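J.:
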Amino acid sequence: KQEVTQIPAALSVPEGENLVLNCSFTDSAIYNLQWFRQDPGKGLTSLLLIQSSQREQTSGRLNASLDKSSGRSTLYIAASQPGDSATYLCAVYPSGTYKYIFGTGTRLKVLA
Amino acid sequence: EPEVTQTPSHQVTQMGQEVILRCVPISNHLYFYWYRQILGQKVEFLVSFYNNEISEKSEIFDDQFSVERPDGSNFTLKIRSTKLEDSAMYFCASGQGYEQYFGPGTRLTVT
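Residue numbers (my numbering), protein chains in the order written: chain A, 130 to 241; chain B, 28 to 138.
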């Protein structure tokens, strides 16, 4: 059964720091992995989607990598800003299924 | 850019009442999904729907839940007799292939 774990559960950093958020999953048979941002009480904003054949994706200050064989993905946020404060969710799409499985998220607070 | 939309954004209902949550998927998508997120917990899969049939469902999706695509544009989730523990944010998603695009969610509060 696929399980998704995110470490750390919470993170508080001063503005300007470069950050790494970690996601691990137990079964490497996936179609893709997606990173989302969720503001308190709000919906899911897709940040980056990495196909199983890809190693990384970049969008602005965000870079996500995927090491499928080891069951890991990282989300790198460069030069963090207070506006980056949110919960970041990792979700994997297991092969042979019709669903995403989500991690519990990393709650990020960037201090001005 | 096309988006998945959901209505209402917030629904309050009394325990035991039926509720229907509505979603308008992206127009050329053929796969439709519902997820829920209880406050403070992870997002959980409920059901996937393709070609007017349920493709996969979780153990949460019991007989109290049903889904329907009543016309060419809407996709609905019905909860027949709501319980307090059904209070959650419900997300609809649609997709082609193995990508899913999520709507903004409907917050359901059962009192």
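No residue lacks a Cβ here, since even glycine has one placed at the ideal position from N, Cα and C. Bear in mind the structure is a predicted one, so any value in this text is a computation, not a measurement.
Which word fits M42 of chain B, buried or exposed, when buried means at least 16 other C-beta atoms lie within 10 angstroms of its C-beta?
T.: Mapped onto the second sequence, residue 42 of chain B falls at position 15. M42 of chain B is exposed by the Cβ-count criterion.
J.: Can you grab the Cα-Cα spacing for the pair N78 of chain B / R96 of chain B, in whole Å?
T.: In the second sequence, the residue the question calls residue 78 of chain B occupies position 51. In the second sequence, the residue the question calls residue 96 of chain B occupies position 69. C-alpha separation (whole angstroms): 10 angstroms.
J.: Going by DSSP, what residues sit across from M116 of chain B in a beta bridge?
T.: The residue you call residue 116 of chain B lines up with position 89 of the second sequence. B:Q64, B:R134.
J.: Please determine, among B:R49, B:Q44, B:I53, B:G124, the residue with the shortest C-alpha to C-alpha distance to S36 of chain B.
T.: Start at 1 with the first residue of the second sequence, and residue 36 of chain B comes out as number 9. The shortest C-alpha separation from S36 of chain B is found at B:R49.
J.: Leaving out five residues on either side along the sequence, give the residues of the same chain with a beta carbon under 7 angstroms from the beta carbon of S181 of chain A.
T.: Residue mapping note: residue 181 of chain A aligns to position 52 of the first sequence, counting from 1. A distance below 7 angstroms between beta-carbons, with the five flanking residues on each side excluded, links S181 of chain A to the following residues of its chain, in chain order: I159, Y160, N161, K197.
J.: Using a Cβ-Cβ distance under 9 angstroms, would S108 of chain B count as near chain A?
T.: As a working mapping, residue 108 of chain B is identified with position 81 in the second sequence. Answer no: the Cβ-Cβ gap between S108 of chain B and chain A never drops below 9 angstroms.
J.: Might you give, ordered along the chain, the residues of its own chain that have their beta carbon closer than 6 angstroms to the beta carbon of F34 of chain B, omitting 5 neighbours on each side?
T.: Counting from 1 along the second sequence, the entry for residue 34 of chain B is found at position 7. According to the sequence shown, residue 34 of chain B is Thr rather than Phe. Correct list, in chain order: R49.
J.: Just the chain B side, please: which residues come within less than 7 angstroms of N151 of chain A by C-beta, in chain order?
T.: Position 22 of the first sequence, counting from 1, holds the residue named residue 151 of chain A. The contacting residues do not exist; N151 of chain A stays about 16 angstroms from chain B at best.
J.: Determine the extent of the beta strand (DSSP E) in which N161 of chain A is found, giving its start and end residues.
T.: Translated into positions along the first sequence, residue 161 of chain A becomes position 32. Element bounds for N161 of chain A: 159-167.
J.: Around the Cβ of V149 of chain A, are there at least 16 other Cβ atoms within 10 angstroms (buried) or fewer (exposed)?
T.: Counting from 1 along the first sequence, the entry for residue 149 of chain A is found at position 20. With fewer than 16 neighbouring CB atoms inside 10 Å of its own CB, V149 of chain A falls in the exposed class.
J.: Within 9 angstroms of any Cβ in chain B, is that where the Cβ of Y217 of chain A sits?
T.: As a position in the first sequence, residue 217 of chain A is number 88, starting the count at 1. No, Y217 of chain A does not count as interfacial toward chain B.
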